[in-house]
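Structure first, commentary second.
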Amino acid sequence: MSIVSNLRANLRTDPKRELWFTWYSTVAFYSLYSVVFFVITRTQPPGKPWLDPEQTVEWFADRHGGLLFGFGLIFVLGGWSATAIALIAYSIRRMSVSRAFAYSYLVLYLIAAVPGFLLICIAMTAGALRPDRNPEMQRWLYDLGFLSFSGTMGVFLVGSLIWMAAILLDKNRVFPRWFGYLNLCNALTEVVIAPSWIFQRGVLAWDGVIAWWIDVAVFGMYTGVFIYLLRDVIIRDDLGTGPLPERPPGRPRRLHPLAKVLR
Amino acid sequence: MAAPDTSTADLPDEEIERVPGEGDMWFFVLFESLVFTAYFCVYLYFRTQDERAFLEAQSALNLPLGIVDTIVLLTSSWAIARCVQEARAGRYPAARRLALATIGLGAAFFALKLVEWVNLIRGGHTFTSSDFMQHFFFLTGMHAIHLLIGFVALGILVHQLSDPQRRSQETIETCSTYWHTVDLYWVLIFAVLYIVR
Amino acid sequence: METSSKLRLLAAWLVLVAITVIYLWIDRSADDGGTLAASTIVTISAIFLALAKVRIVMREFMDVRHAPPPLRRLTDLLIAVIGVSLLTSYLIGRVVA
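Chains as they are written, first to last, in our numbering: chain U, 1311 to 1573; chain V, 28 to 224; chain Y, 2 to 98.
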C-alpha cells in the first residue's frame, strides 16, 4: 500500500486518530512557540530588567518587525495551545484517579494562558505598534510583558504538582513514576522565578542565570520528555478505563537508559 | 522489579543486591542533585567575581550553628536508615519510633533554621542586602522547601508502618531515600556556603 | 548479622560527625589572624570533604552498598560530576576575576 492510501485508511478507521491529531498538534504548537519567542520576536532570552526608558525604546526598535509579525502569528494561532492541554488532561483522565485531577489541571492551565502567555504578546505588540510613544510608557509595557510571563509561574507550578500527584496515585500505569518525580523537579525550578519580582539584576532577576537559564533548561527537558511519553501513552492506549497495556510486541521499546540500569 | 530470586534465599539479608526503594526515586535523586549542583556552580562562580563583598557578608554566618544543623540532619539520616533496617526485620513498632525520631530531628533542624534566619535579618542581613545573602537565603530556602516535602514523605512512611495492611517495604525505602537527599543537599550547602572561602 | 549492620551504621554516623567537626578546624585556620581572605585550599578541601560525606551517606545510609553495580557506578559518577562541576566553576571564576 502506498503512503497516501495507508494514511487515508488510517484516517478513516483509526479510533485513535483524534489523539494522534492532538499529539502532532502539540509538537507543532511547541515548535511554533519556540520559533516565535526565540527567533522571530527575540523576546526570549528576556531583555534586561535594568534598562532605562531610552534603552527600552531601542529594544523595541530592534525588534519592531519581529514583534508585530511573530506575535501576530500567536494571536491567530494561539488557540492551538488548547490541543496540548487537552491531550495532557486526557492522559490524566485515563488514570485511575478521580476526574477532579484532570479538570483542575485543565482549568489551571487555561487560566494561566492569559497572564502567562497572552499578556506578554499583547504588551510587546502594543509597545512595537507606536515606536514614538513616551519612553516611560514603553518601559511600562516592557515590564508588564516580562513580569507577567515570569510572575505567573505559580499557576504552572501548581499544575505540575497536580500532574505529579495524579501520576503517583495512578494504578493504571499511564506514566512511569519517574516522570511523576520529574514534575516535582519542574515545579521546584518554577518556585525559583518568584524572586524575580524583587531583583532587577543578578542571578534571580527575570533574565538571571538561575531564574531563567537553569529554569528553562529544566523546563525544556521536561517538555521534551512529556511529549515523548504522551506518544507512548497513545500507542499503548486501549481507549478503556483499566490499566494501560504495555507496548504491543514487535515494537521494541527503547527504555530510558536510566530505567535499563535501575530495573 | 525483578521476581524474587530464591537462589539467594540462604544468603544473609545484606548480601542480596537490590535497588533501595523504587528505581524511579533514584532518578529524582540524580536529577535534582544535578539541578542543585548547577545552583552551587553559579554561586561559586559569582563569588569569585566579588570576593571581598562575599567574604564580608559570609562572616555574619554562625558556624557552630551550621555544625549543629549538619549533625542534626546526619542523625536524622542515621535514624531513618535504622528504621528501614528494623522494618526489613519485621520489627515495626521499633521502626515506627525511629521514623518519628527522624521527623523530630527534621523539625529541630527547621526550628534552628528559622532562628538563624531571624537572627540574620535582625542583624541587617536580608535577601536583598548583599549578593552573598541573596545566594544564602535562596539556597537555604530551596533546601527548606525540600525539607518540608520530606515531612510529607516521612508522613507517608509512618502511615505505612502503622498499619499491617498497608506496609510496603518498597514505599518505606522510597520515602527514606527521599529523606536522605535532604541530608545530602545540606552537607553540600554547608560546605559551599559556610566554609568555602 | 543484624548487630553488625547496626554497628556499621553507627560507625558511619561517627565518621560523618568527625568530618563535620574537622570543618570547625578548617574554618578556624581559614580565619586565622582575624583577616578575611579567600583561599583555594580551604575551598578545595571543603568540597572534597563534602563529597566524602555524600559518598558515605549514599553507601551506608542509603544502602547503595547493597545495590546492583549499575546503581553503585551511577552514584559514584554523580559524585564525580558534582565535584568536577563545583571545582571547575570556582577555578574558572578565579581565573576570570
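Here a beta-carbon is modelled for each residue, glycine too, at the ideal position from N, C-alpha and C.
In whole angstroms, give me the CA-to-CA distance for residue i and residue j.
i: D210/V; j: Y1413/U; result: 37 angstroms
i: I57/Y; j: V145/V; result: 32 angstroms
i: Y221/V; j: K1326/U; result: 57 angstroms
i: Q1448/U; j: T155/V; result: 27 angstroms
i: L181/V; j: L1498/U; result: 19 angstroms
i: D1480/U; j: I1398/U; result: 14 angstroms
i: T89/Y; j: L100/V; result: 28 angstroms
i: L57/V; j: L79/Y; result: 7 angstroms
i: R1487/U; j: Y119/V; result: 27 angstroms
i: G1534/U; j: N1496/U; result: 13 angstroms
i: N1482/U; j: T1551/U; result: 8 angstroms
i: A87/V; j: V16/Y; result: 28 angstroms
i: Y1538/U; j: H67/Y; result: 33 angstroms
i: A36/V; j: A121/V; result: Summary for A36/V: the model assigns pLDDT 47, below 50, so the residue's position carries little reliability, and this model does not support an answer.
i: S34/V; j: G117/V; result: Confidence in S34/V is poor, its pLDDT being 48 and thus under 50, which makes the residue's placement unreliable; the coordinate value appears in the next sentence. Distance between the alpha carbons of S34/V and G117/V: 22 angstroms.
i: A98/Y; j: F81/V; result: 14 angstroms
i: N1316/U; j: T1351/U; result: 39 angstroms
So, with DSSP's three-state summary, where would you put residue i?
i: T208/V; result: helix
i: A1433/U; result: helix
i: L1387/U; result: helix
i: A47/Y; result: helix
i: T153/V; result: coil
i: W144/V; result: helix
i: S1414/U; result: helix
i: T1366/U; result: helix
i: W1516/U; result: coil
i: M1463/U; result: helix
i: F1489/U; result: helix
i: I57/Y; result: helix
i: L1420/U; result: helix
i: A38/Y; result: coil
i: L78/Y; result: helix
Would the beta-carbon of residue i be found less than 8 angstroms away from any heavy atom of the ligand ADP?
i: L184/V; result: The ligand ADP is not part of this structure, which contains no ligands at all.
Out of the options, which has the shortest C-alpha to C-alpha gap to residue i?
i: G1464/U; options: M1434/U, F1485/U, D1442/U, G1426/U; result: G1426/U
i: S1458/U; options: A1433/U, D1480/U, L1479/U, L1439/U; result: A1433/U
i: G151/V; options: E113/V, L57/V, A80/V, A84/V; result: A84/V
i: Q1354/U; options: W1516/U, Y1538/U, E1556/U; result: W1516/U
i: L50/Y; options: L72/Y, G94/Y, W26/Y, P69/Y; result: W26/Y
i: E49/V; options: L215/V, A171/V, C202/V; result: C202/V
i: L1549/U; options: W1330/U, A1319/U, I1313/U; result: W1330/U
i: W1523/U; options: Y66/V, E59/V, E78/V; result: Y66/V
i: G1357/U; options: R1322/U, G1388/U, S1335/U, L1451/U; result: L1451/U
i: E1368/U; options: N1496/U, R1440/U, W1390/U; result: R1440/U
i: A1521/U; options: L1540/U, I1544/U, S1341/U, S1460/U; result: S1460/U
i: S157/V; options: R79/V, V111/V, V219/V; result: R79/V
i: Q76/V; options: S1391/U, A1527/U, G1512/U; result: G1512/U
i: I1472/U; options: G1455/U, L1418/U, D1324/U; result: L1418/U
i: L125/V; options: A135/V, P191/V, V111/V; result: V111/V
i: D190/V; options: A114/V, T64/V, C68/V, F137/V; result: A114/V
i: T97/V; options: V214/V, V223/V, V219/V, R224/V; result: V214/V
i: V55/Y; options: D28/Y, K7/Y, D33/Y, V18/Y; result: V18/Y
Under 7 angstroms Cβ to Cβ from residue i, same chain only, skipping five residues before and after it: list those, please.
i: F1385/U; result: C1431
i: I1421/U; result: V1465
i: T1332/U; result: T1393, A1396, L1397
i: E200/V; result: P47, G48, V111
Please list, in chain order, all residues of the same chain as residue i whose beta carbon is under 6 angstroms from its beta carbon, the five residues on each side excluded.
i: M1474/U; result: G1490, N1493, L1494
i: Y70/V; result: H162
i: D32/V; result: Unreliable positioning characterises D32/V in this predicted model, as indicated by a pLDDT of 48, which lies under 50. The coordinate reading is nonetheless provided below. For D32/V, where only same-chain residues beyond five positions count, there are no Cβ hits under 6 angstroms.
i: F1509/U; result: A1515
i: P1553/U; result: N1482, R1483
i: L1467/U; result: A1497, E1500
i: L1378/U; result: A1438
i: S1335/U; result: T1393
Short of 8 angstroms in beta carbon distance, which residues of its chain neighbour residue i, apart from the five on each side in sequence? Order them along the chain.
i: V1346/U; result: G1380, F1381, L1383, I1384
i: A31/Y; result: A38, S40, V43
i: E1446/U; result: P1363
i: A53/Y; result: I20
i: A1371/U; result: P1441
i: R1541/U; result: W1333
Along the region 3 to 21 of chain Y, what residues have a CB closer than 8 angstroms to any CB found in chain V?
Along the region 3 to 21 of chain Y, the positions whose C-beta sits under 8 angstroms from a C-beta of chain V are E3, S6, K7, L10, L11, A13, W14, L17, V18, T21, read in chain order.
Beta carbons nearer than 9 angstroms to chain Y: which residues of the region 54 to 71 of chain V have them?
For the region 54 to 71 of chain V, residues whose beta-carbon sits nearer than 9 angstroms to a beta-carbon of chain Y comprise V56, L57, S60, L61, F63, T64, A65, F67, C68, V69, Y70, L71.
Interface residues of the region 81 to 96 of chain V facing chain U [CB-CB below 8 angstroms]
If you check each beta-carbon in the region 81 to 96 of chain V against every beta-carbon of chain U, none falls closer than 8 angstroms.
Beta carbons nearer than 7 angstroms to chain V: which residues of the region 1517 to 1528 of chain U have them?
Those would be V1519, I1520, I1524, V1528, in chain order.
Name, going along the chain, the residues of the region 163 to 185 of chain V whose beta-carbon falls closer than 8 angstroms to a beta-carbon of chain U.
So the list reads F165, M169, I172, H173, I176, given in the order they occur along the chain.
Output, in sequence order along the chain, the residues in the region 1469 to 1489 of chain U whose CB is closer than 9 angstroms to any CB in chain V.
From the region 1469 to 1489 of chain U, only P1486, R1487, W1488, F1489 have a Cβ closer than 9 angstroms to chain V.
Residues in the region 199 to 224 of chain V with C-beta within 7 angstroms of chain Y's C-beta atoms, listed in sequence order?
The region 199 to 224 of chain V vs chain Y, Cβ under 7 angstroms: T204, H207, D210, L211, V214, L215, A218, I222, V223, R224.
Return the residues of the region 96 to 118 of chain V that lie within a Cβ-Cβ distance of less than 9 angstroms from chain Y, sorted by chain order.
Under the 9 angstroms Cβ criterion, the region 96 to 118 of chain V contributes T97, I98, L101, T102, S104, W105, I107, A108, R109, V111, Q112, A116.
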